[in-house]
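Shown next, in structure tokens, is the structure this report addresses.
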Amino acid sequence: MNFLKVTLIIFLIFSFKFVNADEQDKRNQITKNLRCLICQGQSVYDSDSEFANSLKVLVDKKLNEGLSEDQIYKYFKDKYGEWILYEPELNKNTYILWLLPVFIFLIGGAIIAKSFIIKK
Amino acid sequence: MIYSLIGHYSLILGLIAGLVLFYLSFKNFKNSIFLNSKILTFTFLQFFFVVISFLSLVLSFIVSDFSNETVFNNSHTTKPLFYKISGTWGNHEGSLLLWLLVLTLFIFIFLLRTKNQPVKYKILTLVFQQLIIVGFFIFLIKTSNPFNYLFPVPEEGLGLNPILQDPALAIHPPILYLGYVGSSIIFSSALAATSLKMISPNWAVHIKNWILISWIFLTLGILLGSIWAYYELGWGGFWFWDPVENVSLMPWLALTTLLHCIMVLERKSSLTSWIIILSIATFTLSMCGTFLVRSGILNSVHTFANDPERGLFILIFLFVLIFLSLFIFFFFHKDEKLNRPSFSFLSKETSILINNWFMMYFLSVVLIGTIYPIFLDIISSEKISVGPPFYHKLIIPFLIPFLLMMAIGPKLKWIKSRLNDKIYLILLLLGSILLAFLILKNFNQNFLINTILISSALYLFFVTIRDFFIRKFENISQNIAHFGFSLLILSILFNNLFSSEIITNLKVGETFDNSKTKIIFESVDQKKEKNYDSIIANFKIQSSNGKKDKLSPELRIYNQPVIATSEADIKTTLMSDKFMVINLVQNQDFFNVRYQVKPFMLWIWISVILISFGGLISFLKKRL
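So the sequences go chain by chain: A and B.
Everything in the first sequence is counted per my numbering, starting at 10 for the first residue and increasing by one.
Everything in the second sequence is counted per my numbering, starting at 346 for the first residue and increasing by one.
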């Protein structure tokens, strides 16, 4: 179980966001997580369509207004729906999405430990 | 015209050969001392007919026979010959014909090369394979015939999508399919062996060759697709967690799991149920991929024109196959419950189980991430996107113990062992952590997680390098593959962390200058080719250390169909790639310029080649 704890801690560290990237990096980071709605499977960052370019400008504007990353995501979500966010939020629609793989991992571990490994 | 006729009738003959094979197999199965020579003949004939059919389609493309609907939709007289030929499989109908070609080729080779196995087993494998083949024949002829006739005959074709007109992409589908479809043999053979209750070490040794073949091709196929995405899609990434990429990654994960697991079965009869499930899963995932791509459910760059009838057919076919395999599994397979194997904690078996455990987790992340949005859309009609951040968050933390296990696992012996030279292993671990810390010292974003990640990848790197020296040729294939994997993870990490990018707007003659890099937009050339016109922009790059480079990205306007594409210019060196791409901005006289320096790019490709090279050595070693 120690091993699981370590994994969990690492997981938490990883999801913790540090706030010291400069403006340009931050804009890239945000636009990478936004879907270009008129493209086929491209992010706003990757696309050069008019839609994507106007969104990049909008992200810059919002950053200048002093909005945080999460606030910007929320702004776009309210405006265009959840489809635009590449990282789905954890809510009643996505509990299965986020938690099922981890659940499968735990079950798998239990099966292996129980049926194959000799206990001391 | 004549080619279409030949191609069409060859398909029907191939289908008939399949039906005859069912009959012959049935007769031969009852008194099965020798394999009926007619079976081999008809298997060859079937393969032969599919080859003829395939060549007819290739010829139709070469001579631009627009009375053929597939050619009309996907070719044009001004295409270079190479892309006329590769256009054969750059579309739905042709790519399915290629599926069929590989299916029939593999079963023919299987019958030819399989010796020292019971005749009944060979026949049953053939029967299961024929089920798949006949299914695909019917699918092809009924819903996606590549030889549909058009009248009146059009003067000119509609052309091939320009982003598919590319050397890497021309060979990407055949290689990938050899891997995808190669797994069908594993599926058929596992079902046959289960029905005959002969899942044993002997079978494992025999089927491992086929697993290796599929695995090597699948690995290389994915690599080619990735290289293509890197330079053709034009924004410097190489893996986008695009649903269609995921769909090729899933069978790869299942196959890699199977490859590790089969090593246990090679030595003793255990884990049989698990191996059967994996064999079934690998091919089912390949089929699922075909279904998801061909039905057009997925939103992706790969989607060809498609219609719901095709998706429905594959879906039903898929369910039949899954149902059949589950039936055979539960009906015939008796698990070795009485002597359930148990492994000591420190043994190679356990480490392989842990590998399987993690691989299945990765597989479930990719699978759920890919199909969950579809389900949610159907159930609640709410649309969500699952993109890179999701996969990174769920996969990367688990990669750390996975990498450490990859380093230590192969050092353990079968059944029970003690970890030798612990001191070295600990020293190497400390060394790796120290080195990772030094590399990232001045880097402040996500410092902790990156240090841990790089430490564990470095650890695998050093442990495998050391093994090259102390273990020499013992387990060399495994060591190369694991070394390749550590190199892959390191290259991806460094590439991500140390890439730099400049995005700016420039007119001809203008210069961009920041403290480190100077970009001079020198001139613009125009070029006219047979199938496109292009604008070439010439840039000079000066970095602060005085190094100079010339880069000339292109904008192409293809004539058929009229689509504009950006062609990146890439200068590859051992340590880093310089990547530049331009775009036109509407109603403006400047170009949008993107310049990236991407360290260790070349090593990403090299490491994947190393990984598959490990597989190749394992395959060859068994022959010698």
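By construction, the Cβ of each residue, glycine as well, lies at the ideal position given by its N, Cα and C atoms.
Within 7 Å of the CB of A/E96, the CB atoms of chain B belong to G732, P734, F735, in sequence order along the chain. Membership of B/M925 in the beta strand (DSSP E) is indicated by the continuous run 921–929. Apart from the 5 residues on each side of it in sequence, B/L616 sits with its Cβ closer than 7 Å to the Cβ of C606, V609, L610 in its chain, given in chain order. If only uninterrupted alpha helix (DSSP H) runs of at least 4 residues are considered, those enclosed by the region 511–568 of chain B are 512–540. For the pair B/F945 and B/S836, the CB atoms are nearer than the 8 Å cut-off.
For B/V592, no CB of chain A lies under 8 Å from its own CB, so it is not counted at the interface with that chain. A direct Cα-to-Cα measurement between B/S355 and B/K542 gives close to 37 Å. Distance check between B/S921 and each of B/I902, B/Q474, B/V942 places B/V942 closest, using alpha-carbon atoms only. Note that the region 452–464 of chain B does not touch the region 403–414 of chain B; fewer than 3 beta-carbon pairs, one per stretch, sit closer than 8 Å. Listed as beta-bridge partners of B/I864 by DSSP are B/F857, B/I886. Note on geometry: alpha-carbon atoms of B/I558 and B/A882 lie some 44 Å from one another. For B/I771, there is no enclosing beta strand (DSSP E); the residue is found in the alpha helix (DSSP H) stretching over 767–784.
Distances from the CA of B/F830 to each of B/L390, B/E855, B/G854, B/I799 were compared; the closest alpha carbon is that of B/I799.
Note: B/F735 is not bridge-paired with any residue in the DSSP secondary-structure output.
At least 8 Å separates the beta-carbon of B/D894 from that of B/K863. A direct Cα-Cα distance of roughly 33 Å separates B/E577 from B/F792. For B/W759, none of the residues of chain A pass the 8 Å Cβ criterion, the least Cβ distance being about 14 Å. Taking C-beta atoms as the reference points, B/L471 and B/T388 count as a pair closer than 8 Å. Shown here for B/D914: same chain residues with a beta carbon closer than 6 Å to its own, the five before and five after excluded, namely L896, S897, P898, M925 in chain order. A distance below 7 Å between beta-carbons, with the five flanking residues on each side excluded, links B/R655 to the following residues of its chain, in chain order: T488, S489, R639, S640. If you check the CB distance, B/L600 and A/P110 do not come in under 8 Å.
Distance check between B/G359 and each of B/Q905, B/L369, B/F392, B/F371 places B/F392 closest, using alpha-carbon atoms only. The three-state secondary structure of A/I47, taken from DSSP, is coil.
In this chain, the alpha helix (DSSP H) harbouring A/N62 covers 59–73. Taking CB atoms only, B/L739 has a neighbour in chain A less than 8 Å away. Nearest CB-CB separation between B/D511 and chain A: not below the 8 Å threshold. Contact between A/L94 and A/N42 holds, since their C-beta atoms are separated by about 7 Å, short of 8 Å.
When secondary structure is reduced to three states using DSSP, B/Y877 falls in the strand class. Per DSSP, the unbroken alpha helix (DSSP H) holding B/T695 starts and ends at 693–725. Contact check for B/F399 against B/L366 fails: the beta carbons are separated by 8 Å or more. In this model, B/S593 and B/F807 are separated by some 30 Å (Cα to Cα). Not a single CB atom of chain B sits nearer than 8 Å to the CB of A/D69.
In the DSSP assignment, B/Y804 falls within the unbroken alpha helix (DSSP H) covering 792–815.
At least one beta carbon of chain B lies nearer than 8 Å to the beta carbon of A/E59.
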